[in-house]
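Numbering (our numbering), first residue to last: 377 to 490.
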């Protein structure tokens, strides 16, 4: 059985690796976005800018909040190291306030919230 047949693509594993490698930069950007959000500023443009520069990582971030069971299953099947899982969990907890805004952006883009 290939990785694809088992449900874990090489692309998914690369997204997790990229997130881990770039986590310092990602966390810094999301700290800035969260700060604006806490001040009541509309952060949609910031999220869109992040997504346009980092589409795969943004997809992983969306999955952290909105496809938790599927994500956990893929992490298990892909035998992703605990350190990388911990970084994803840290992001999830630290930026939980932004989960709805991330979801709204994705839903708008697929036409559900038009």
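The beta-carbon is built from N, C-alpha and C at its ideal position, and this holds for glycine as well.
* Asked: Considering only residues of the region 378-423, which uninterrupted beta strand (DSSP E) runs meet the minimum length of 3 residues and lie entirely inside it, listed in chain order?
  -> none
* **Rounded straight-line distance, which links the Cα of residue 419 to that of residue 409** => 7 Å
TODO: Please determine, among 405, 446, 414, the residue with the shortest C-alpha to C-alpha distance to residue 427.
DONE: 405
Nearest-angstrom beta carbon gap, residue 412 and residue 422 [assumed within contact, 8 Å]:
7 Å
(request) Excluding the 5 residues preceding and the 5 following residue 379 in the sequence, name in chain order all residues of the same chain whose CB lies nearer than 7 Å to its CB. (result) Reliability of the predicted coordinates at residue 379 is poor, the pLDDT of 43 falling under 50, and the value obtained from them is presented with this limitation in mind. Answer for residue 379: 385, 386, listed in chain order.
**Prompt:** Whose CA, out of 451, 390, 393, 481, lies closest to the CA of residue 438?
**Reply:** 481
Self-check item: Where residue 440 sits in the DSSP three-state scheme
Solution: helix
Could you tell me the distance, in whole angstroms, from the CA atom of residue 434 to the CA atom of residue 400?
15 Å
Q) Exposed or buried, what is residue 417 when buried is set at 16 or more other beta-carbons lying within 10 Å of its beta-carbon? A) exposed
Check: By a C-beta neighbour count over all protein chains shown, 10 Å radius and 16 as the cutoff for buried, is residue 445 buried or exposed?
Finding: exposed
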